[in-house]
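**Q** As you go down the protein sequences, you meet chains U and F in turn. Positions 28 to 139 (this note's numbering) are the ones given, in order, by the first sequence. Positions 20 to 132 (this note's numbering) are the ones given, in order, by the second sequence. Glycine is no exception: its CB is placed at the ideal position from the N, C-alpha and C atoms.
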Amino acid sequence: GENVEQHPSTLSVQEGDSAVIKCTYSDSASNYFPWYKQELGKRPQLIIDIRSNVGEKKDQRIAVTLNKTAKHFSLHITETQPEDSAVYFCAASMQGAQKLVFGQGTRLTINP
Amino acid sequence: DTAVSQTPKYLVTQMGNDKSIKCEQNLGHDTMYWYKQDSKKFLKIMFSYNNKELIINETVPNRFSPKSPDKAHLNLHINSLELGDSAVYFCASSETAFFNGYTFGSGTRLTVV
Numbered sequence: 028g029e030n031v032e033q034h035p036s037t038l039s040v041q042e043g044d045s046a047v048i049k050c051t052y053s054d055s056a057s058n059y060f061p062w063y064k065q066e067l068g069k070r071p072q073l074i075i076d077i078r079s080n081v082g083e084k085k086d087q088r089i090a091v092t093l094n095k096t097a098k099h100f101s102l103h104i105t106e107t108q109p110e111d112s113a114v115y116f117c118a119a120s121m122q123g124a125q126k127l128v129f130g131q132g133t134r135l136t137i138n139p
Numbered sequence: 020d021t022a023v024s025q026t027p028k029y030l031v032t033q034m035g036n037d038k039s040i041k042c043e044q045n046l047g048h049d050t051m052y053w054y055k056q057d058s059k060k061f062l063k064i065m066f067s068y069n070n071k072e073l074i075i076n077e078t079v080p081n082r083f084s085p086k087s088p089d090k091a092h093l094n095l096h097i098n099s100l101e102l103g104d105s106a107v108y109f110c111a112s113s114e115t116a117f118f119n120g121y122t123f124g125s126g127t128r129l130t131v132v
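Here's what the structure looks like:
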């Protein structure tokens, strides 16, 4: 079936520490994996994405890793700041279905 | 300029009414989507249009009918509204139908009373 599992559902870290959010997907043909950040009352916004021909991608404090064999991918945020507090969603493309299936979301709270 | 704009932002209506939500994108994208975000924040696709043609129609009650008059617009009409339809509805667009990042609209919070 078409499924993306995301863990944890909530995550609380101290400012300056790292945060890691993990996702697994079911469709072995999935080849595009974006991450979205949704602040309270706002729209989801793309923060980073990775395609299946790449194992890791980094953009300043944010990085994403992909393990195609295990069908899982992770978001890593280093040196967390209060403005990183939000709900984060992973997603995976469903080949042939031309759509993104989203994970359940992770509410990240950065404690000052 | 807003890339993907939705109207209205808030919609409060009584059960049984019919309502529409409008979406427009000025990015020149080929593909547009409707997603529903429930109270638990879960984002689920409802419909997708590529160049005015319906390409995805998930298991959605037929009270929901999308319409795309051109590739820059995708509207959502809902008949006979029910309490369970209360949610935030997001329009989104992408450059093509094949796996590009979505740009979301600001959402429409629908409350059925």
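Residues of chain F with CB closer than 8 Å to the CB of U:Leu73, please, in chain order.
**A** As a working note, residue 73 of chain U is residue 46 in the first sequence. By Cβ distance, chain F contributes Gly120, Tyr121, Thr122.
**Q** Check whether chain F comes within 9 Å of U:Gln65, counting only Cβ atoms and requiring the distance to be less than that.
**A** Taking the first residue of the first sequence as 1, we reach residue 65 of chain U at position 38. It does; some Cβ of chain F falls within 9 Å.
**Q** Is the beta carbon of F:Tyr52 less than 9 Å from the beta carbon of F:Met34?
**A** Looking up residue 52 of chain F in the second sequence gives position 33. Looking up residue 34 of chain F in the second sequence gives position 15. No, the Cβ-Cβ distance between F:Tyr52 and F:Met34 is not below 9 Å.
**Q** Thinking U:Thr98 and U:Thr133 are a contact (beta carbons under 8 Å), I'd like their distance in whole angstroms, please.
**A** On the first sequence, position 71 is the one that residue 98 of chain U refers to. On the first sequence, position 106 is the one that residue 133 of chain U refers to. The displayed chain sequence assigns Lys, not Thr, to residue 98 of chain U. No, U:Lys98 and U:Thr133 are not in contact; Cβ-Cβ is about 18 Å, not under 8 Å.
**Q** Would you mind stating whether F:Lys55 and F:His96 have Cβ atoms separated by less than 9 Å?
**A** The count along the second sequence starts at 1 and reaches residue 55 of chain F at position 36. The count along the second sequence starts at 1 and reaches residue 96 of chain F at position 77. No; because the gap between Cβ atoms is not below 9 Å, this pair is not in contact.
**Q** What three-state label does DSSP hand U:Asp76 in the structure shown?
**A** The count along the first sequence starts at 1 and reaches residue 76 of chain U at position 49. DSSP places U:Asp76 in strand when its eight states are reduced to three.
**Q** Quick one: list the residues of chain U neighbouring F:Ile64, beta-carbon separation under 7 Å, in chain order.
**A** The residue given as residue 64 of chain F occupies position 45 in the second sequence. The contacting residues are Lys126.
**Q** So, does the CB of F:Gly126 fall closer than 9 Å to a CB anywhere in chain U?
**A** Within the second sequence, numbered from 1, the residue matching residue 126 of chain F stands at position 107. So yes, F:Gly126 belongs to the interface.
**Q** In terms of DSSP beta bridges, what is F:Phe123 paired with?
**A** Taking the second sequence and counting its residues from 1, the one referred to as residue 123 of chain F is at position 104. DSSP, once it has assigned bridges, lists F:Ala111 as partnering F:Phe123.
**Q** Would F:Ser87 and F:Lys71 be called neighbours here (beta carbons separated by less than 9 Å)?
**A** Working through the second sequence from its first residue, we reach residue 87 of chain F at position 68. Working through the second sequence from its first residue, we reach residue 71 of chain F at position 52. F:Lys71 is positioned such that its CB atom lies closer than 9 Å to that of F:Ser87.
**Q** Would you grab the beta carbon distance between F:Leu129 and F:Ala106 for me? Rounded to a whole angstrom, and I think it's under 8 Å.
**A** For the purposes of this step, residue 129 of chain F is taken as residue 110 along the second sequence, with counting starting at 1. For the purposes of this step, residue 106 of chain F is taken as residue 87 along the second sequence, with counting starting at 1. Contact flag correct, Cβ pair sits at about 6 Å.
**Q** From U:Ala113 to U:Thr136, what does the alpha carbon distance come to, in whole angstroms?
**A** Position 86 of the first sequence, counted from the start, is the residue given in the question as residue 113 of chain U. Position 109 of the first sequence, counted from the start, is the residue given in the question as residue 136 of chain U. So the alpha carbons of these two residues sit roughly 7 Å apart.
**Q** With DSSP as the reference, label U:Glu106 as helix, strand or coil.
**A** Taking the first sequence and counting its residues from 1, the one referred to as residue 106 of chain U is at position 79. Reduced to three states, the DSSP call for U:Glu106 is coil.
**Q** Note down the Cα distance separating F:Thr50 from F:Asn76, rounded to an integer number of angstroms.
**A** As a position in the second sequence, residue 50 of chain F is number 31, starting the count at 1. As a position in the second sequence, residue 76 of chain F is number 57, starting the count at 1. F:Thr50 and F:Asn76: Cα-Cα distance of roughly 14 Å.
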